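Residue numbers (the numbering used here): 7 to 339. Have a look at the structure below before the remarks.
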């Protein structure tokens, strides 16, 4: 009875993860009892299944009965994912700030107390913001996802034929994929926000000597809002993958849109005249990493001068692949 499977899947996807298996068993038993009562020992036909499902109501209505209430800031359908994302963001943020603290302490151990105070202050100021932004994203998703067609006067009578098929396993998104991406984005985001001057070439001469930064320390602050916004958008993309749980054409559309925004923003940032450190090569020479006029110097200079083009090409290839993969998986039946 494929239609029964589709109905149960549609109902359980709107319930907390911890309840889905038990409710699926209970609901299947209820449907089987209702079918047996309707047809007795006779053959169960498609029409009988449809009548029983119509009697039970739409998957949304059935899920609401199991939940027992209808009003949430973040409903059961999203709550498990909300907790997962919140934990990931907080742990990643703590880890990122911890890494920054360790590096600062190694680079400048004399001011370790100042670094520790900065670490605590960053935690205290960042955690509430992280909780607030994650909650806001999920609350907005809950609100717009919960708007019903009847609220707009466009409600259609529900029928079992409207049930979506149970998705192919190849369309499903493994939770580990967006989770790893969120961890990466948060840690890099923290690094840019609190320690962008430590993004560079680390020079050692028996012990740590200095960092030759990649970025222009004098002007990077003006780019910071764009950098943070970009990572926030990418994190939202991964949250959508966690919420949806499977590739759909709508999710693929969002992914393409966000990836295009990413390409435009990154291209704008890194092609700016003041984004990169204008004294990077001379800094390497002064630090003794390379000697001007040598083959090694020319090689490093060539790579440095072409770094912007290389980054843009790699970014475009990576984001196009992400979009194409989503399109292919979304088309699977």
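Note that CB positions come from ideal geometry on N, CA and C, so glycine has one too. Every value quoted in this text rests on a predicted model; they were computed, and no experiment measured them.
Per DSSP, the beta-bridge partners of residue 252 are 178. The three-state reading of DSSP puts residue 113 in helix, counting H, G and I together. Looking at the backbone, the Cα of residue 119 and that of residue 319 are separated by about 42 Å. Cα atoms of residue 243 and residue 317: separation of roughly 21 Å, rounded to the nearest angstrom. A residue is called buried once 16 or more other Cβ atoms fall within 10 Å of its Cβ, and residue 230, having fewer, is exposed. Residue 272 and residue 211 have their C-alpha atoms some 35 Å from each other.
Of all C-beta pairs linking the region 197-209 to the region 254-269, fewer than three are shorter than 8 Å, placing the two stretches out of contact.
Between the region 12-32 and the region 131-145 there are fewer than three inter-stretch CB-CB distances shorter than 8 Å, so the stretches are not counted as touching.
Look at the beta carbons and you see the region 273-281 touching the region 221-228: at least three pairs across the two are nearer than 8 Å.
DSSP places residue 20 in no beta strand (DSSP E); its state is neither H nor E. DSSP, reduced to helix, strand and coil, places residue 102 within a helical segment of the structure shown.
Of all C-beta pairs linking the region 57-76 to the region 105-125, fewer than three are shorter than 8 Å, placing the two stretches out of contact.
The beta carbon of residue 233 lies closer than 6 Å to those of 198 in the same chain, with the five residues before and after it left out. Counting C-beta pairs closer than 8 Å gives three or more between the region 174-192 and the region 81-100, which meets the contact rule. In the DSSP assignment, residue 67 falls within the alpha helix (DSSP H) that extends over 65-73.
Distances from the alpha-carbon of residue 180 to those of 311, 65, 87 put 87 closest. By the Cβ neighbour-count rule, residue 102 is buried, with 16 or more other Cβ atoms within 10 Å of its own.
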